[in-house]
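Numbering (our numbering), first residue to last: 8 to 152.
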């Protein structure tokens, strides 16, 4: 089961990295990666969100019934699990970006674009996205297939 968890952690870390790059592309007026690198606090928030994401993935992988009952070869080639992770990734990105724009329009006195002015604000937004994505992956991993 340890090998399964390690594989899922690496895949989830890759998806998190890819997700941040996609957020940069879909919300072009907020250069997240550039702004986060400007502040140690923002970097700390990013790392905290990343560790929470990985912790949720590990917990979801360990508590999943298939983690202890199926051999690793079957688990690695279980396309239902990988498909569920891929769908979770796409859904989290679409929801995250859609909610960013919808709530921004619904609250005109709270300009979401002002995140770009402060590296800590950008780091906190990415922290929230990583926790959000971690919760979605946890649900996908620990739910019945």
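Just so you know, even glycine gets a beta-carbon here, dropped at the ideal spot from N, CA and C. Please read all numbers here as calculations on a predicted model, not as lab measurements.
Exercise. Would you say residue 95 and residue 34 are within 9 Å of each other, going by their C-beta atoms?
Worked result: No, these two residues do not count as a Cβ contact at 9 Å.
For this session: Kindly list the residues whose CB is nearer than 7 Å to the CB of residue 31, restricted to its own chain and excluding five residues on each side of it in sequence; keep chain order.
Result: For residue 31, same chain residues with a beta-carbon under 7 Å away, outside a window of 5 residues either side, are 38, 39 and 40 in chain order.
Problem set entry | Collapsed DSSP secondary structure at residue 38 in the structure displayed | Reduced to three states, the DSSP call for residue 38 is coil.
Exercise. Would you say residue 57 and residue 20 are within 9 Å of each other, going by their C-beta atoms?
Worked result: A contact, by the Cβ cut-off of 9 Å.
For this session: Take residue 149 and list the residues in its own chain whose beta-carbon comes closer than 6 Å to its own, dropping the five residues that flank it on each side.
Result: Hits under 6 Å: 67, 70 and 71.
Exercise. Which one of 15, 99 and 113 has the shortest CA to CA distance from residue 137?
Worked result: The shortest Cα separation from residue 137 among 15, 99 and 113 belongs to 99.
For this session: Report yes or no: do the region 47–62 and the region 100–110 share at least 3 C-beta pairs separated by less than 8 Å?
Result: The region 47–62 vs the region 100–110: no contact.
For this session: Apply the 10 Å Cβ neighbour rule to residue 36 and answer buried if 16 or more other Cβ atoms are within range, or exposed otherwise.
Result: Residue 36 comes out exposed.
Exercise. Do you know how far the Cα of residue 53 is from the Cα of residue 42?
Worked result: Straight-line measurement puts the Cα of residue 53 at about 11 Å from the Cα of residue 42.
Problem set entry | Sub-9 Å separation of residue 63 and residue 145 beta-carbons | Yes.
Exercise. Ends of the alpha helix (DSSP H) at residue 134?
Worked result: Note, residue 134: alpha helix (DSSP H), 126–149.
Problem set entry | Length of the line joining the Cα atoms of residue 22 and residue 120 | Each residue's alpha carbon lies about 25 Å from the other.
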